[in-house]
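> Heads up: the sequence shown begins at 1 in the working numbering, then just goes up one per residue. For every residue, glycine included, the Cβ atom is placed at its ideal position computed from N, Cα and C. Keep in mind that this is a model prediction, so the values were computed, not measured.
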Amino acid sequence: MPSLFRRKTTDSDTQTSTPETSDAASNNDASASGANATPVRAGVKSRAYTPGKGRPTPKRQPNRRRVEPPPKDRKEAYRRWRERQRAERAAAREAMMRGDPSALLPRDQGPERALVRDLVDARRNVGTWFFVGAFIILVGTSPAMPLQIQLAAQLFWIVLMISFVIDCVLICRRVRQLVWQRFPKTTQRRGSLYFYAITRSITFRRLRVPRPRVKVGDAI
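Structure follows, in structure tokens:
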């Protein structure tokens, strides 16, 4: 009997002392770890810190395409429609001036027409100054001018016409040689190509449509 009581007492003492021992051990470990741990200074980021990207995530980025609010009345709707039409026409004209095949007029479409344009743009044409010469002749042959100026203007008119005809013949010959040499199976009519080349030659270089893509003197 006494041994039984002593055993119970021992077990109870062990059970009661176990929490205290564990608490003491945990306190000792915490103090040891606190003594050995490196103090964290203010303003120093830990290794686990992830810096910010400085920009929103792709899902949070604001929509770049702004949705236009609906018009308030018919007048504003008509104004917006006019602005869209103006912008579309400007874009179509710019594409046509660049020579974009999808924006060219029917008269300018086709590789043969592009070759004719390059041929005319790469040379100096008498027809470019034809209208300027015609205006000078018109002023010079007026009755208000002296007789000598009228005679000089008429002589200049004859020289201009002869030069223009010769230049047109040279352009047509060049068109016939290059176009049918590079496009032997073309379906373009010669007369239409000749007329196309002559009408472009009498237009000022800055006013030509499409815009010239070669310089004067370039080899074609």
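Can you tell me where the alpha helix (DSSP H) holding Val-132 begins and where it ends?
Residues 130-140.
> Could you check which residue in Tyr-196, Arg-93 and Arg-80 has the C-alpha nearest to that of Val-175?
With distances taken between Cα atoms, Val-175 lies closest to Tyr-196.
> Taking contact to mean at least 3 C-beta pairs separated by less than 8 Å, is the stretch 205-213 in contact with the stretch 96-114?
With a cut-off of 8 Å, the stretch 96-114 and the stretch 205-213 count as touching, because enough Cβ pairs lie within range.
> Name the residue from Asp-121, Arg-89 and Asn-125 whose alpha carbon lies nearest to the alpha carbon of Ser-163.
The shortest C-alpha separation from Ser-163 is found at Asn-125.
> Output the distance between the C-alpha atoms of Met-145 and Met-161, rounded to the nearest integer angstrom.
Cα to Cα, the separation comes out at about 22 Å.
> Here's the rule: buried if 16 or more other CB atoms are within 10 angstroms of the residue's CB, otherwise exposed. What is Val-223?
Nothing can be reported for residue 223: it is not among the residues displayed for the chain, which extend from 1 to 220.
> Return the chain-ordered list of same chain residues with a C-beta closer than 7 Å to the C-beta of Thr-141, the five sequence neighbours on each side being excluded.
The residues are Gln-150, Ala-153 and Gln-154.
> For Phe-204, which option in Ser-192, Leu-119, Trp-129 and Trp-157 has the closest C-alpha, if you only look at C-alpha atoms?
Among Ser-192, Leu-119, Trp-129 and Trp-157, the Cα nearest to that of Phe-204 is on Trp-129.
> In this structure, does DSSP put Ser-201 in helix, strand or coil?
Of the three classes helix, strand and coil, the one that applies to Ser-201 here is helix, per DSSP.
> What runs of the alpha helix (DSSP H), each 4 residues or longer, lie entirely inside the stretch 60-121?
Taking only runs of at least 4 residues, the alpha helix (DSSP H) segments lying wholly in the stretch 60-121 are 74-98 and 111-121.
> In angstroms with no decimal places, state the Cα-to-Cα distance between Ser-102 and Ala-90.
Computed Cα separation, rounded: 15 Å.
> Would you call the stretch 107-118 and the stretch 174-193 touching, i.e. three or more CB-CB distances under 8 Å?
The stretch 107-118 vs the stretch 174-193: in contact.
> Have a look at Arg-200, Arg-93 and Arg-107 and flag the residue whose alpha-carbon is nearest the alpha-carbon of Asp-167.
Here the closest residue by C-alpha is Arg-200.
> Could you tell me the distance, in whole angstroms, from the CA atom of Gly-127 to the CA atom of Val-120?
For Gly-127 and Val-120, the distance between alpha carbons rounds to 11 Å.
> Pick from Pro-143, Trp-157 and Arg-123: whose alpha carbon is nearest that of Phe-135?
It is Trp-157 whose Cα lies nearest to the Cα of Phe-135.
> Would Arg-206 be called buried (16 or more neighbouring beta carbons within 10 Å of its own) or exposed?
By the 10 Å Cβ count, Arg-206 comes out exposed.
> Spatial neighbours of Tyr-194 within its chain, please: C-beta separation below 6 Å, excluding the five flanking residues on both sides.
Once the five neighbours on either side are set aside, the close Cβ partners of Tyr-194 are Cys-172.
> Quick one: using the 10 Å Cβ neighbour count with 16 as the cut-off for buried, is Asp-218 buried or exposed?
With fewer than 16 Cβ atoms within 10 Å of its Cβ, Asp-218 is classed as exposed.
> Quick one: Cα of Lys-215 to Cα of Val-116, how far?
Cα to Cα, the separation comes out at about 14 Å.
> Please give the ranges of any alpha helix (DSSP H) in the stretch 150-218, keeping only runs that are unbroken, at least 4 residues long and fully inside the region.
If we require 4 residues or more, the alpha helix (DSSP H) runs fully inside the stretch 150-218 come out as 190-201.
> Using only CA atoms, which one of Gln-148, Ile-220, Lys-75 and Gly-133 lies nearest to Ile-202?
Ranking Gln-148, Ile-220, Lys-75 and Gly-133 by Cα distance to Ile-202 puts Gly-133 first.
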